[in-house]
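Enquirer:
There are 4 protein chains.
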Amino acid sequence: MSTRQKILDAALEEFARYGLSGARVERIASRANANKRMIYYYFRSKEDLFLAVLEASYADIRSAERSLDLEHRDPREAVKRLVEFTWQYYLEHPEFMTLLNSENLHKGRHVRNSSRLREMHSPLVGTLRAILRRGEKQGLFRRGVDPVQLYISIAGEGYFYLSNRYTLSRIFDRDLMAPRALSGRARHISHMILNALRT
Amino acid sequence: MSTRQKILDAALEEFARYGLSGARVERIASRANANKRMIYYYFRSKEDLFLAVLEASYADIRSAERSLDLEHRDPREAVKRLVEFTWQYYLEHPEFMTLLNSENLHKGRHVRNSSRLREMHSPLVGTLRAILRRGEKQGLFRRGVDPVQLYISIAGEGYFYLSNRYTLSRIFDRDLMAPRALSGRARHISHMILNALRT
Amino acid sequence: MSTRQKILDAALEEFARYGLSGARVERIASRANANKRMIYYYFRSKEDLFLAVLEASYADIRSAERSLDLEHRDPREAVKRLVEFTWQYYLEHPEFMTLLNSENLHKGRHVRNSSRLREMHSPLVGTLRAILRRGEKQGLFRRGVDPVQLYISIAGEGYFYLSNRYTLSRIFDRDLMAPRALSGRARHISHMILNALRT
Amino acid sequence: MSTRQKILDAALEEFARYGLSGARVERIASRANANKRMIYYYFRSKEDLFLAVLEASYADIRSAERSLDLEHRDPREAVKRLVEFTWQYYLEHPEFMTLLNSENLHKGRHVRNSSRLREMHSPLVGTLRAILRRGEKQGLFRRGVDPVQLYISIAGEGYFYLSNRYTLSRIFDRDLMAPRALSGRARHISHMILNALRT
DNA sequence: GATGAATGAGGGTTCATTCAT
DNA sequence: GATGAATGAACCCTCATTCAT
Numbered sequence: 005m006s007t008r009q010k011i012l013d014a015a016l017e018e019f020a021r022y023g024l025s026g027a028r029v030e031r032i033a034s035r036a037n038a039n040k041r042m043i044y045y046y047f048r049s050k051e052d053l054f055l056a057v058l059e060a061s062y063a064d065i066r067s068a069e070r071s072l073d074l075e076h077r078d079p080r081e082a083v084k085r086l087v088e089f090t091w092q093y094y095l096e097h098p099e100f101m102t103l104l105n106s107e108n109l110h111k112g113r114h115v116r117n118s119s120r121l122r123e124m125h126s127p128l129v130g131t132l133r134a135i136l137r138r139g140e141k142q143g144l145f146r147r148g149v150d151p152v153q154l155y156i157s158i159a160g161e162g163y164f165y166l167s168n169r170y171t172l173s174r175i176f177d178r179d180l181m182a183p184r185a186l187s188g189r190a191r192h193i194s195h196m197i198l199n200a201l202r203t
Numbered sequence: 005m006s007t008r009q010k011i012l013d014a015a016l017e018e019f020a021r022y023g024l025s026g027a028r029v030e031r032i033a034s035r036a037n038a039n040k041r042m043i044y045y046y047f048r049s050k051e052d053l054f055l056a057v058l059e060a061s062y063a064d065i066r067s068a069e070r071s072l073d074l075e076h077r078d079p080r081e082a083v084k085r086l087v088e089f090t091w092q093y094y095l096e097h098p099e100f101m102t103l104l105n106s107e108n109l110h111k112g113r114h115v116r117n118s119s120r121l122r123e124m125h126s127p128l129v130g131t132l133r134a135i136l137r138r139g140e141k142q143g144l145f146r147r148g149v150d151p152v153q154l155y156i157s158i159a160g161e162g163y164f165y166l167s168n169r170y171t172l173s174r175i176f177d178r179d180l181m182a183p184r185a186l187s188g189r190a191r192h193i194s195h196m197i198l199n200a201l202r203t
Numbered sequence: 005m006s007t008r009q010k011i012l013d014a015a016l017e018e019f020a021r022y023g024l025s026g027a028r029v030e031r032i033a034s035r036a037n038a039n040k041r042m043i044y045y046y047f048r049s050k051e052d053l054f055l056a057v058l059e060a061s062y063a064d065i066r067s068a069e070r071s072l073d074l075e076h077r078d079p080r081e082a083v084k085r086l087v088e089f090t091w092q093y094y095l096e097h098p099e100f101m102t103l104l105n106s107e108n109l110h111k112g113r114h115v116r117n118s119s120r121l122r123e124m125h126s127p128l129v130g131t132l133r134a135i136l137r138r139g140e141k142q143g144l145f146r147r148g149v150d151p152v153q154l155y156i157s158i159a160g161e162g163y164f165y166l167s168n169r170y171t172l173s174r175i176f177d178r179d180l181m182a183p184r185a186l187s188g189r190a191r192h193i194s195h196m197i198l199n200a201l202r203t
Numbered sequence: 005m006s007t008r009q010k011i012l013d014a015a016l017e018e019f020a021r022y023g024l025s026g027a028r029v030e031r032i033a034s035r036a037n038a039n040k041r042m043i044y045y046y047f048r049s050k051e052d053l054f055l056a057v058l059e060a061s062y063a064d065i066r067s068a069e070r071s072l073d074l075e076h077r078d079p080r081e082a083v084k085r086l087v088e089f090t091w092q093y094y095l096e097h098p099e100f101m102t103l104l105n106s107e108n109l110h111k112g113r114h115v116r117n118s119s120r121l122r123e124m125h126s127p128l129v130g131t132l133r134a135i136l137r138r139g140e141k142q143g144l145f146r147r148g149v150d151p152v153q154l155y156i157s158i159a160g161e162g163y164f165y166l167s168n169r170y171t172l173s174r175i176f177d178r179d180l181m182a183p184r185a186l187s188g189r190a191r192h193i194s195h196m197i198l199n200a201l202r203t
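Here it is as structure tokens:
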């Protein structure tokens, strides 16, 4: 693997674990079996490296999403697949959530100038809108549901649970990461979203 | 106001804005019109101060919640009030969300040993459970909804939207904080949750 | 016990353990079950407190020494008693050695202006000189031994061994504080000093 | 001279003068014409630097000692040379004594894990043991003298006098560092040790 | 592409001491 | 005699970044 790519991987781990401020350039370098100077050679600064990591992460989830092939499915089935995929993705990629939290802590400073990101997302909205329309026409879904709002609901149901798992486990005095708890949450989310869409 | 309290207030602001690693003890002191040394006098370390801030924040939201007087209301009305309150609280207290994100970034390290927090939350679960039962008996709500799962859904719907407002605004190319967007989200959440609970 | 005395005792322990720079006023106060402010009330500063501790320690060893009643004994017996006493005193009062080391590290800065100390020691020299003279006259001791030099030899034989016990144990790979090692050293010193004085 | 070496030299001076707690990293850096950061670059911490200084100092005295070439000399002559060398070394290297005092104040914490030190010293003990044996065989020295005990006596005679010169000068009201006092002490020590070894 | 050495600013924390009561 | 609150300076250490090769 190229030094550049190794740095990117190491940075993802580091940023995910410690946040932007907490991340250490030194640790990224040594984790990548590279030299600190190389980080500045390939990326210009810690912050630019952070943006690169963020873009790569977004690209990854969107790319996985595309392979769900939602366009040609029964509307209820399509929504269900998206719900389950989203939950599973966050579950398997907790680093993606901490990355987003970091970026939002910084008020989206790095993302602001990235046009790549915007472009990456319009297909998602389009797809979702099409599904909702088909569902409405077939009398399966209630009218007036906004695709962006729906997507945020789908993501939020999993995100909040998983991103805040430590504090939630503490305040509710349950292990939210126990296998049964996880499968319970997955079922709960599917019910919630699909029920909520019913006419 | 006491120096101790001034430090606590200043720390809330600072931690909310910059996270735990990004927060500067120096800034907290000067914002509190106090001396850096006093922070270590009243709290033992930056981390202990963080925990104190976190506990105070949790106490605040739970206290506000209690004044909703949910116990004696119609089940649907009670849920609606809780949904609206939760949304409104996050909207008005974005610092609470960044605090939680910080704590979870650190895997709940500070919260782990706080028994205050656990105790603070059992009434909430009790109240919600009672509401759900009454709703089920009156044939308003479907059976088998877990109060903790429901609470996480209610909170998650608002939290994800507001906490990630910068990245979401960017990727969906809309200003999520515009007044109309906000009221739209409030309505969306109410519909989602109440519909989802239908039999 | 008076607060003043409790502070003095606590300070002795603290200075002995950590040296002058390493000692903490805070710890002295809490060890004395007193208030930090009281230290400044009774003694004027950390350094003045250090001098007070030093003077008290010197007073203690000289007072114990006086009770040896060396004046009226056989010269060899008198020297032997002094040798054994000195060894035993250092053994039982390691704090006295660290105190002296601290003071000498600071080039005797605190002791310089204390006339109490000088006065305290002239009787010791007088006594030793008398013993040496009697020994010489009786043909037991060689001539020309200076009492101050002799005292420094007697003290040095024990001091170096005990004060440097940690480094010496390490470099010679033996536990110098094991009971047998200690009694061996006591015997060695007696032999050395008495043999050295022979005509 | 390399930055590393300059730091080491500066640190020796600083630690010798102020002890471990009293030493200031800042002063070491500026005395070495280096940057504070470099101290942590080459050595990991103030304490590790202290150990490095200590090891270098021990290496220095042992190396000088080896050039005395004691193995092939008349036993009395060999002891005399060692006595005089040891006195002279302490006289010229007061910093070595303060270093040892510091380390022992800290209960040998730094030295404990250094195997270099132990290895450095076994030749010394071997040499001394051989000299004593030859002296015994030739009827010059009394039997049963332990080489380690003897070495500690030789060192202790000079060490106590020089290390505690400030307090001793004060309590005995003499300038122990005056040239005549110094040469007097040198003679006294030689007499003491050689007399003490006689059969 | 890669590296070891260097840097200045500032990080959290602790110090001896004093103020006000 | 005694106390809790306050202070400013300075502590050790670490940061992201750059220089020279």
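Chains as they are written, first to last, in my numbering: chain A, 5 to 203; chain B, 5 to 203; chain C, 5 to 203; chain D, 5 to 203. We put the CB at the ideal spot given by N, CA and C, even for glycine.
Run through chain C and tell me which residues come within less than 8 Å of Glu107 (chain D), C-beta to C-beta.
Expert: On the fourth sequence, residue 107 (chain D) is found 103 positions in, with the first residue counted as 1. Those are Tyr170 and Thr171, listed as they occur along chain C.
Enquirer: Using alpha carbons as the reference points, say which of B:Ser25, B:Leu201 and B:Leu144 lies closest to Leu53 (chain B).
Expert: Along the second sequence, read from residue 1 onward, the residue named residue 53 (chain B) stands at position 49. When each option's Cα is compared against that of Leu53 (chain B), the closest is B:Ser25.
Enquirer: Glu59 (chain B) and Arg35 (chain B) look like a contact to me (Cβ under 8 Å); what is the Cβ gap, rounded to whole Å?
Expert: Numbered from 1 along the second sequence, position 55 holds the residue referred to as residue 59 (chain B). Numbered from 1 along the second sequence, position 31 holds the residue referred to as residue 35 (chain B). Actually they are not in contact, since the Cβ atoms of Glu59 (chain B) and Arg35 (chain B) sit about 20 Å apart, beyond 8 Å.
Enquirer: Let me check one thing: in DSSP terms, what residues is Arg202 (chain B) bridge-paired to?
Expert: Walking along the second sequence from the start, residue 202 (chain B) turns up at place 198. Answer is B:Phe145.
Enquirer: Let's test the definition: count the other Cβ atoms within 10 Å of the Cβ of Gly23 (chain B) and tell me whether it reaches 16, buried, or not, exposed.
Expert: Counting from one through the second sequence, the residue named residue 23 (chain B) turns up at place 19. With 16 or more other Cβ atoms within 10 Å, it is buried.
Enquirer: Leaving out the 5 sequence neighbours to the left and right, which residues in its chain are closer than 8 Å to Ser106 (chain A) when beta-carbon positions are compared?
Expert: The count along the first sequence starts at 1 and reaches residue 106 (chain A) at position 102. If we look at Ser106 (chain A) and ignore the five residues flanking it on each side, its Cβ neighbours are Phe19, Gly23, Leu24 and Phe54.
Enquirer: Would you say Glu161 (chain C) lies against chain D (beta-carbon separation less than 8 Å)?
Expert: The residue given as residue 161 (chain C) occupies position 157 in the third sequence. Yes - at least one Cβ of chain D is within 8 Å of the one on Glu161 (chain C).
Enquirer: Against Tyr165 (chain C), what residues of chain D qualify as contacts under a CB-to-CB distance less than 9 Å, listed in chain order?
Expert: The residue given as residue 165 (chain C) occupies position 161 in the third sequence. Within chain D, the residues near Tyr165 (chain C) are Gln153, Ile156, Ser157 and Gly160.
Enquirer: For Ile11 (chain A), would you say it is in contact with chain B, using Cβ-to-Cβ distances shorter than 8 Å as the test?
Expert: Taking the first sequence and counting its residues from 1, the one referred to as residue 11 (chain A) is at position 7. It does not: the Cβ of Ile11 (chain A) has no partner Cβ on chain B nearer than 8 Å.
Enquirer: Check each residue of the region 92 to 106 of chain C: if its Cβ is closer than 7 Å to any Cβ of chain D, include it; give the result in chain order.
Expert: If the cut-off is 7 Å between Cβ atoms, the region 92 to 106 of chain C has Thr102, Leu104 and Asn105 near chain D.
Enquirer: Spell out whether any CB of chain D is found under 8 Å from the CB atom of Ser67 (chain C).
Expert: Translated into positions along the third sequence, residue 67 (chain C) becomes position 63. Not one chain D Cβ lies under 8 Å of Ser67 (chain C).
Enquirer: In terms of residue numbering, what span does the alpha helix (DSSP H) encompassing Ser118 (chain D) cover?
Expert: Position 114 of the fourth sequence, counted from the first residue, corresponds to residue 118 (chain D). Looking at the DSSP string, Ser118 (chain D) is not in any alpha helix (DSSP H), and its letter there is neither H nor E.
Enquirer: Which runs of the alpha helix (DSSP H), 4 residues or longer, sit entirely within the region 70 to 112 of chain B?
Expert: Correct list: 79 to 96 and 98 to 109.
Enquirer: Where does Leu172 (chain B) fall in DSSP's three states?
Expert: By one-based count along the second sequence, residue 172 (chain B) stands at place 168. In the structure shown, Leu172 (chain B) sits in a helix (DSSP, three-state: H, G or I).
Enquirer: Can the beta-carbon of Ala38 (chain C) be found less than 8 Å from the beta-carbon of Phe47 (chain C)?
Expert: On the third sequence, position 34 is the one that residue 38 (chain C) refers to. On the third sequence, position 43 is the one that residue 47 (chain C) refers to. For Ala38 (chain C) and Phe47 (chain C), no; Cβs fall outside 8 Å.
Enquirer: So that I know if they touch, is there some Cβ in chain C lying closer than 8 Å to that of Phe54 (chain D)?
Expert: As a position in the fourth sequence, residue 54 (chain D) is number 50, starting the count at 1. False, the Cβ-Cβ gap to chain C never drops below 8 Å.
Enquirer: My understanding is that Gly160 (chain A) touches Gly160 (chain B), with C-beta atoms under 8 Å, so please give their C-beta distance in whole angstroms.
Expert: By one-based count along the first sequence, residue 160 (chain A) stands at place 156. By one-based count along the second sequence, residue 160 (chain B) stands at place 156. Contact holds; Cβ gap of about 4 Å.
Enquirer: Taking the Cβ atom as the reference point for each residue, do Met42 (chain C) and Ile11 (chain C) lie within a distance shorter than 8 Å?
Expert: Taking the first residue of the third sequence as 1, we reach residue 42 (chain C) at position 38. Taking the first residue of the third sequence as 1, we reach residue 11 (chain C) at position 7. A contact, by the Cβ cut-off of 8 Å.
Enquirer: Using beta-carbon positions only, say whether Tyr155 (chain A) and Leu136 (chain A) come within less than 8 Å of one another.
Expert: The residue labelled residue 155 (chain A) in the question sits at position 151 within the first sequence. The residue labelled residue 136 (chain A) in the question sits at position 132 within the first sequence. Not closer than 8 Å, so no.
Enquirer: So, do the region 184 to 200 of chain B and the region 144 to 158 of chain A have three or more beta carbon pairs nearer to each other than 8 Å?
Expert: The answer is yes - the region 144 to 158 of chain A touches the region 184 to 200 of chain B, with three or more Cβ pairs under 8 Å.
Enquirer: Less than 8 Å between the C-beta atoms of Leu198 (chain B) and Val29 (chain B), yes or no?
Expert: Taking the second sequence and counting its residues from 1, one reaches residue 198 (chain B) at position 194. Taking the second sequence and counting its residues from 1, one reaches residue 29 (chain B) at position 25. No. Outside cutoff.
Enquirer: May I ask which residues mark the beginning and end of the alpha helix (DSSP H) holding Ala15 (chain B)?
Expert: The residue labelled residue 15 (chain B) in the question sits at position 11 within the second sequence. Where Ala15 (chain B) is concerned, the enclosing alpha helix (DSSP H) stretches over Thr7 to Gly26.
Enquirer: Do we get a CB-CB distance below 8 Å when we pair Arg174 (chain C) with the residues of chain D?
Expert: The sequence position of residue 174 (chain C) within the third sequence is 170, counting from 1. With 8 Å as the cut-off, Arg174 (chain C) counts as an interface residue toward chain D.
Enquirer: Considering only C-alpha positions, which residue in the set C:Gly130, C:Leu166, C:His114 and C:Asp177 is nearest to Glu51 (chain C)?
Expert: Within the third sequence, the letter at position 47 stands for residue 51 (chain C). Glu51 (chain C) has its Cα closest to that of C:His114, out of C:Gly130, C:Leu166, C:His114 and C:Asp177.
Enquirer: Would you mind telling me which residues of chain C sit closer than 8 Å to Ser49 (chain D), beta carbon to beta carbon, in chain order?
Expert: What you label residue 49 (chain D) is simply residue 45 of the fourth sequence in a count that begins at 1. Here the premise fails: no neighbours, minimum Cβ distance about 16 Å.
Enquirer: If we call anything under 8 Å between Cβ atoms a contact, is Leu121 (chain B) one with Ile175 (chain A)?
Expert: Translated into the one-based positions of the second sequence, residue 121 (chain B) becomes position 117. Translated into the one-based positions of the first sequence, residue 175 (chain A) becomes position 171. A contact, by the Cβ cut-off of 8 Å.
Enquirer: Which chain A residues are close to Arg116 (chain B), counting only those with a beta carbon under 9 Å from its beta carbon?
Expert: For the purposes of this step, residue 116 (chain B) is taken as the residue at position 112 of the second sequence. Per Cβ cutoff of 9 Å: Tyr170 and Arg174.
Enquirer: Leaving out five residues on either side along the sequence, give the residues of the same chain with a beta carbon under 8 Å from the beta carbon of Leu16 (chain A).
Expert: On the first sequence, residue 16 (chain A) is found 12 positions in, with the first residue counted as 1. Cβ neighbours of Leu16 (chain A) beyond the five flanking positions: Val57, Ala60, Ser61, Glu99 and Leu103.
Enquirer: Considering Cα atoms alone, identify which of B:Ser173, B:Ser157 and B:Glu69 is closest to Lys111 (chain A).
Expert: Here residue 111 (chain A) refers to the residue found at position 107 when the first sequence is read from its first residue. Measuring from the Cα of Lys111 (chain A), the nearest candidate turns out to be B:Ser173.
Enquirer: Does the beta carbon of Ser25 (chain B) sit closer than 8 Å to a beta carbon anywhere in chain A?
Expert: On the second sequence, residue 25 (chain B) is found 21 positions in, with the first residue counted as 1. Yes, because at least one Cβ of chain A sits closer than 8 Å to the Cβ of Ser25 (chain B).
Enquirer: Please name the residue, chosen from C:Gly143, C:Asn117 and C:Trp91, that lies closest to Ser167 (chain C) on a Cα-to-Cα basis.
Expert: Here residue 167 (chain C) corresponds to residue number 163 of the third sequence, with the count starting at 1. Among C:Gly143, C:Asn117 and C:Trp91, the Cα nearest to that of Ser167 (chain C) is on C:Trp91.
Enquirer: Spatial neighbours of Gly139 (chain A) within its chain, please: CB distance less than 6 Å, with the 5 preceding and 5 following residues excluded, ordered by chain position.
Expert: If you number the first sequence from 1, residue 139 (chain A) lands on position 135. Only Pro79 and Phe145 meet the Cβ criterion.
Enquirer: Any beta carbon of chain B sitting closer than 8 Å to that of Asp177 (chain A)?
Expert: Locating residue 177 (chain A) in the first sequence gives position 173, where the first residue counts as 1. Asp177 (chain A) counts as touching chain B.
Enquirer: Under 8 Å, Cβ to Cβ, is there at least one residue of chain D near Gly4 (chain C)?
Expert: A query on residue 4 (chain C) cannot be resolved here, the shown segment of chain C reaching from 5 to 203 and no further.
Enquirer: In chain order, what residues of the same chain lie with their CB nearer than 6 Å to the CB of Ala200 (chain A), ignoring the 5 residues before and after it?
Expert: For this step, residue 200 (chain A) is matched to residue 196 along the first sequence. Cβ neighbours of Ala200 (chain A) beyond the five flanking positions: none.
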